[in-house]
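Numbering (the working numbering), first residue to last: 3 to 124. By construction, the Cβ of each residue, glycine as well, lies at the ideal position given by its N, Cα and C atoms. Beneath this line is the structure, given in structure tokens, with notes to follow.
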């Protein structure tokens, strides 16, 4: 298990919302920009890494039980998206790293990803 605090530190990320949830644990990372793939494959307890910044992402994260979201490439959602994440208590972080690098850093430090899609719960 990995804490969001460790994720923040490894990715040199800033917390956009949810500082009080940095001790929350995640069991794997899932890097993706397709909401349909998140719904199909991302298991509960996952950390989502993405460049998507819309409200649909927050709703998708809520449906799958994501423990947090990391925006890559320095992306920051607008205030309406941050407010929706606040309502659903989904912590938001932002890193300047690209998606591939972010996933690689987390993997190199022991946070796994979904190895085989058939093991996903959906």
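**Prompt:** Using the C-alpha atoms, what's the distance from residue 22 back to residue 105?
**Reply:** Approximately 24 Å, taken between the alpha carbons.
Run through the segment 43-124 for me and flag every whole alpha helix (DSSP H) of 4 or more residues, listed as ranges in chain order. Fully enclosed alpha helix (DSSP H) runs of 4 or longer: 57-66, 81-90 and 101-110.
Backbone CA spacing between residue 19 and residue 96 [nearest angstrom]
Cα to Cα, residue 19 sits roughly 10 Å from residue 96.
Checklist entry - Beta-carbon separation of residue 24 and residue 7 under 7 Å? => result Judged by their CB atoms, residue 24 and residue 7 are nearer to each other than the 7 Å cut-off.
Practice item. Return the first residue and the last residue of the beta strand (DSSP E) that residue 125 is part of. Key: Any property of residue 125 remains undetermined from this structure, which presents the chain solely from 3 to 124.
- Helix, strand or coil at residue 30 according to DSSP, with G and I counted as helix: Secondary structure of residue 30 (DSSP, three-state): strand.
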